[in-house]
Structure formats: C-alpha cells, structure tokens
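Protein chains in written order, with our numbering: chain A, 144 to 349; chain B, 1176 to 1382.
Listed below in structure tokens is the structure:
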C-alpha cells in the first residue's frame, strides 16, 4: 500500500498547479454551500467519471470544506503517477489483502478532525450519464471502523458545456444525516442524492 | 431573415482551422457509420446541448458526410457573429413572421443535392443528460417543401472525459429515411427511441 508522502514543496506546487488547471479548463465551478462541523473530520463520497473529479473536489475542499485533503486512489494509478501521493493520495488494491489495510488507514485518518478523506465507492471510472451508482462494500467498512467521529458528505459532480465554450462543473453536496447504519442504507441514501442532482442537471433548458 | 453568403475560399480556409480547434479542445471525436445516399442532399438534425454543436456538425460534414455545409442559426446569435454567415450560416427568428421564410429558404437549399443543412430541431439548448429530444414542427414544414431528393440524418452527441483531462465526443448516427417517405410523428418517435438507446449504450460503452 502506498501512503501519502510528506513533501511541502511538492504539495505547494501541486496545490497551485491544480488551482491553475481547474481554473483554466472550466468556465465555472459551482457547488452547494453546506455547513461544516470544525470538530469533525469529513468522509466525502463522490461519483467517479473522470480524472477531474478529485481535482474539482480538491478545490471544493480548499474553498468550502477547509480540511487537509486525502483521497483513496487505485494502486496502479499511484504507481503510474508517483507525485499523487504528495497531494494526499493513498492506494487501494481490490485484489490484494492490502485492501483491508487501506480501509483501516482511511478510518484512522478520520480520527483527526483536521482531515478529509475522499472515496469513490464506484471503484473505477463510469460514464457521467449512469443512472445507478455501483457501490463497493469497502465504503461501509470505513464508516464502521471510524466510529461516527466524522461528518459524512455526499457529492455528485456533473460537467456540461451549454452556452459557454468551456465546460461548467457543478458539484451537488449534501450532509448525510446519521441514518446510514447498513450498507444498503448508505447505498440508497447516496443513490437518492445522486438521482436528485441528476434530475436538476437534466432539467436545464436555456 | 439573413440568407447565407458563403464564400468558397473562406470555407476552404475555415475547415482546417476548425479541425485544428477541435483537436485542441477535444481528445477524440468518434462517430459510427451511416449510409449517405448519393445524389441526395442531407438534412442533418442533432441534439443541441453546447456551444460547440455547430462546429461538430461542420466538422462531420467536411470529413465524413462530404456536402456543402449550411446551418440554421438564431438571428440574434448570427448578428453577433456575422462571420458564420460566410461559412454557411443563415438566420431564423422564431418570434417573427419571417420564420416561414427561413424554413422555405432551408427547403430551397435542400433542393440542391450537393447541399447539407444543419438544424437543431429542439430550438433551444437542452441538457446533455436529457433523454428526450423535442422536435419542433418546423422540420415537417421544411421536409414537405423540398423539391428533389433529400436524406434526413440525425445524430446524438455525448461528451465524456474518462481517463483523460481532455473531453471526448461520441456521435451516434441514425438514418431517418428520405423526404419521400417522411412522416413527422414516425420520425419523431424514431429519433427519441434512438436517443434513449444511444444514451444507454454510452453508459455501457467500453473506454
């Protein structure tokens, strides 16, 4: 398992680089204002349709959530892009026994109220047009292990062009209230949030 | 109504520039196959969800459909960018009485088998996630007035990112037959069924 590396210089460069490319690529980045509890860490659950997802959510983290950013990334990606670990990435490999270690590590990170852990429960890239979100069971394990010391936030991201030359990214955020006691609960609660967000995106007519 | 004033020289210069701009902004533009009937003009219908749609249609016309490109544009948009008038843009104003004139003009252009006219049948920008394509009645009027042979082609376009930082565009064509066997309600149902199927295939597509 690859753990996040500590290198202030690379982190500093990555921070400004991500800000620059997200600012350049998108016309606008919109997100819902939500309340953040300063005494709790955040577990952010999001849909995964492109490489931009984590970069967009990193910016949301900087602007709104204001925590230290960690993200669970597939092991082959962390091997390919070695610098990612300095930006807060740690690896997970579904096919090895390391997986449990990665999930434990994510739960550990959530013990510190300064941290934010972003996970993509879909486990791989899916189309931005999917209706049903595939959910891997590991996400529930993190929640069980972290023992309610965190704030659970759902994010659903959509990218559309509409009347601008550059695309607009919209992130729908929602505080999940403490109702996710089982895997099915969690899956359904996220699906509900996603459906709601997708409906708002679908209804856009200009 | 502003008729098109295309200039062959400007059109020739614009095509490679357009290809360059699209290559810069997008990773791949991938389309499937459609049988273009020889000796027929083409009425190209497509879903309208972005600023780029007209450019996509222009690029597909130059590289794949091989006809002389024309496009129906909203009058206020065309007035702001009169350059497009030189590469095949003509205007329509839905709020004025001239709307019939624009539709008739489109039919006249389609009388020439070398021409292609692009029309956004939805008449407005609609989300790319929408699974319905609203076809305005104007299409019926255009097709009924065509003197000559014309093939009607529709495509659904979807933009996705996947692994790349640059987006890719996927086009899925549908052959809607010719103007001789045209039935508005039937074509409308066909296009909607195709769009729903294309959206589903897009979700299941390998990348």
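For each residue, glycine too, the CB sits at the ideal point set by N, CA and C.
task: Quick one: using the 10 Å Cβ neighbour count with 16 as the cut-off for buried, is residue 294 of chain A buried or exposed?
output: Position 151 of the first chain, counted from the start, is the residue given in the question as residue 294 of chain A. It is buried - the Cβ of residue 294 of chain A has at least 16 other Cβ atoms within 10 Å.
message: Any beta carbon from chain A within less than 8 Å of residue 1310 of chain B's own beta carbon?
response: Translated into positions along the second chain, residue 1310 of chain B becomes position 135. So no, residue 1310 of chain B is outside the interface.
field: Same chain only: Cβ atoms within 6 Å of residue 1370 of chain B, ignoring 5 sequence neighbours per side
entry: Taking the first residue of the second chain as 1, we reach residue 1370 of chain B at position 195. Taken in chain order, the residues that qualify are 1308, 1331.
field: Own chain, CB closer than 7 Å to residue 292 of chain A, minus 5 neighbours either side, in chain order
entry: As a position in the first chain, residue 292 of chain A is number 149, starting the count at 1. Here the set comprises 183, 184, 253, 254.
message: For residue 1207 of chain B and residue 177 of chain A, I'd like the C-alpha separation in whole angstroms.
response: Sequence index remark: in the second chain, residue 1207 of chain B carries index 32 (1-based). Sequence index remark: in the first chain, residue 177 of chain A carries index 34 (1-based). Taking the straight line joining both Cα atoms gives about 43 Å.
message: Against chain B, with Cβ distances strictly below 8 Å, would residue 156 of chain A count as a contact?
response: Within the first chain, the letter at position 13 stands for residue 156 of chain A. No, its Cβ sits nowhere closer than 8 Å to a Cβ of chain B.
field: Whole-angstrom distance between residue 1297 of chain B and residue 1360 of chain B, CA atom to CA atom
entry: Walking along the second chain from the start, residue 1360 of chain B turns up at place 185. Walking along the second chain from the start, residue 1297 of chain B turns up at place 122. Roughly 15 Å separates the two Cα atoms.
- prompt: Which bits of chain B does residue 194 of chain A rub up against, with CB to CB less than 9 Å?
  reply: Taking the first residue of the first chain as position 1, residue 194 of chain A is located at position 51. The CB of residue 194 of chain A comes closer than 9 Å to the CB of 1336, 1337, 1338, 1339, 1340 in chain B, given here in chain order.
- prompt: Can you pull the DSSP bridge partners for residue 1347 of chain B?
  reply: On the second chain, position 172 is the one that residue 1347 of chain B refers to. DSSP output for residue 1347 of chain B lists B/1331 as bridge partner(s).
- request: For residue 189 of chain A, count neighbouring C-beta atoms within 10 Å of its own C-beta (all shown protein chains included) and say buried if the count is 16 or more, exposed if not.
  value: On the first chain, position 46 is the one that residue 189 of chain A refers to. The residue is buried, with at least 16 neighbouring Cβ atoms inside 10 Å.
task: Counting only the same chain and skipping the five closest in sequence on each side, list residues whose C-beta sits under 6 Å from that of residue 330 of chain A.
output: Here residue 330 of chain A refers to the residue found at position 187 of the first chain. If we look at residue 330 of chain A and ignore the five residues flanking it on each side, its Cβ neighbours are 278.
- prompt: Out of A/316, A/167, A/332, which has the shortest C-alpha to C-alpha gap to residue 1340 of chain B?
  reply: Counting from one through the second chain, the residue named residue 1340 of chain B turns up at place 165. The candidate whose alpha carbon is nearest that of residue 1340 of chain B is A/167.
Sufficient close CB pairs (3 or more, under 8 Å) joining the stretch 1270-1278 of chain B to the stretch 1222-1240 of chain B: no
task: Would you decide whether residue 1238 of chain B is buried or exposed? Buried here means 16 or more other CB atoms lie within 10 Å of its CB.
output: To locate residue 1238 of chain B, count along the second chain from 1; it is residue 63. Under this definition residue 1238 of chain B is an exposed residue.
Distance CB(residue 172 of chain A)-CB(residue 165 of chain A) smaller than 8 Å: Looking up residue 172 of chain A in the first chain gives position 29. Looking up residue 165 of chain A in the first chain gives position 22. In this structure, residue 172 of chain A sits near residue 165 of chain A, with a CB-CB distance shorter than 8 Å.
query: Taking buried to mean at least 16 other C-beta atoms within 10 Å of its own C-beta, is residue 1338 of chain B buried or exposed?
result: Indexing the second chain from 1 puts residue 1338 of chain B at position 163. Label assigned to residue 1338 of chain B: exposed.
query: Taking just the CA atoms, how far does residue 315 of chain A sit from residue 195 of chain A?
result: By one-based count along the first chain, residue 195 of chain A stands at place 52. By one-based count along the first chain, residue 315 of chain A stands at place 172. Taking the straight line from one Cα to the other gives about 15 Å.
message: Is the separation between the beta-carbon of residue 1351 of chain B and that of residue 1317 of chain B shorter than 8 Å?
response: On the second chain, position 176 is the one that residue 1351 of chain B refers to. On the second chain, position 142 is the one that residue 1317 of chain B refers to. No; because the gap between Cβ atoms is not below 8 Å, this pair is not in contact.
query: What does residue 1262 of chain B touch in chain A if you count any residue whose Cβ is under 9 Å from its own?
result: The residue you call residue 1262 of chain B lines up with position 87 of the second chain. Chain A residues near residue 1262 of chain B: none, gap ~17 Å exceeds 9 Å.
message: Restricting to Cα atoms, I'd like to know which of A/286, A/155, A/349 is closest to residue 205 of chain A.
response: Taking the first chain and counting its residues from 1, one reaches residue 205 of chain A at position 62. Of the candidates A/286, A/155, A/349, the one whose C-alpha sits nearest the C-alpha of residue 205 of chain A is A/155.
query: What three-state label does DSSP hand residue 282 of chain A in the structure shown?
result: Stepping through the first chain from its first residue, residue 282 of chain A is reached at position 139. Helix at residue 282 of chain A.
query: If you run the structure through DSSP and keep just helix, strand and coil, what is residue 1255 of chain B?
result: Taking the second chain and counting its residues from 1, the one referred to as residue 1255 of chain B is at position 80. It is helical.
- request: Can you tell me which of B/1211, B/1268, B/1182, B/1186 puts its alpha carbon nearest to the alpha carbon of residue 1234 of chain B?
  value: What you label residue 1234 of chain B is simply residue 59 of the second chain in a count that begins at 1. Comparing Cα positions, the closest option is B/1186.
message: Looking at the secondary structure, which residues open and close the beta strand (DSSP E) in which residue 1218 of chain B lies?
response: Locating residue 1218 of chain B in the second chain gives position 43, where the first residue counts as 1. Residue 1218 of chain B -> beta strand (DSSP E) spans 1216-1221.
field: Where residue 1386 of chain B falls: helix, strand or coil (DSSP)
entry: Summary: the structure shown does not reach residue 1386 of chain B, with chain B confined to residues 1176 through 1382, and so no result is reported for it.
task: State the beta-bridge partners of residue 232 of chain A as determined by DSSP.
output: Here residue 232 of chain A refers to the residue found at position 89 of the first chain. According to DSSP, which records beta bridges pairwise, residue 232 of chain A is partnered with A/214.
message: Just to make sure I have the definition right: I need the residues of chain A whose C-beta is within less than 8 Å of the C-beta of residue 1377 of chain B. Which are they?
response: Here residue 1377 of chain B refers to the residue found at position 202 of the second chain. Correct list: 270, 272.
- prompt: Under 8 Å, do residue 186 of chain A and residue 285 of chain A count as touching if we go by C-beta distance?
  reply: Here residue 186 of chain A corresponds to residue number 43 of the first chain, with the count starting at 1. Here residue 285 of chain A corresponds to residue number 142 of the first chain, with the count starting at 1. Cβ atoms of residue 186 of chain A and residue 285 of chain A: closer than 8 Å.
query: Can you name the residues of chain A whose CB is closer than 7 Å to the CB of residue 1231 of chain B?
result: As a first step, residue 1231 of chain B is located in the second chain; it is residue number 56 there, counting from the start. What residue 1231 of chain B touches in chain A: nothing, since even the nearest Cβ is about 11 Å away.
query: Can at least three beta-carbon pairs, one atom from the stretch 218-228 of chain A and one from the stretch 257-269 of chain A, be found at a separation below 8 Å?
result: no
- prompt: Which of helix, strand or coil does DSSP assign to residue 1270 of chain B?
  reply: Numbered from its first residue, the second chain carries residue 1270 of chain B at position 95. Coil at residue 1270 of chain B, not helix or strand.
field: Proximal residues to residue 1353 of chain B (C-beta, below 8 Å), its chain only, five neighbours per side dropped
entry: Start at 1 with the first residue of the second chain, and residue 1353 of chain B comes out as number 178. Taken in chain order, the residues that qualify are 1212, 1215, 1324, 1325, 1326, 1327.
task: Find the nearest neighbour of residue 153 of chain A within the set A/226, A/213, A/201, A/244, judged by alpha-carbon distance.
output: Here residue 153 of chain A is taken as the residue at index 10 of the first chain, counted from 1. When each option's Cα is compared against that of residue 153 of chain A, the closest is A/226.
- prompt: So, are the CB atoms of residue 306 of chain A and residue 257 of chain A less than 8 Å apart?
  reply: For the purposes of this step, residue 306 of chain A is taken as residue 163 along the first chain, with counting starting at 1. For the purposes of this step, residue 257 of chain A is taken as residue 114 along the first chain, with counting starting at 1. Using a Cβ distance threshold of 8 Å, residue 306 of chain A and residue 257 of chain A do not count as a contacting pair.
query: Would you say residue 303 of chain A and residue 344 of chain A are within 8 Å of each other, going by their C-beta atoms?
result: The count along the first chain starts at 1 and reaches residue 303 of chain A at position 160. The count along the first chain starts at 1 and reaches residue 344 of chain A at position 201. Taking 8 Å as the Cβ cut-off, residue 303 of chain A and residue 344 of chain A qualify as a contacting pair.
DSSP bridge partner residues for residue 274 of chain A (one or two, in chain order): Within the first chain, numbered from 1, the residue matching residue 274 of chain A stands at position 131. Residue 274 of chain A is not bridged by DSSP to any residue.
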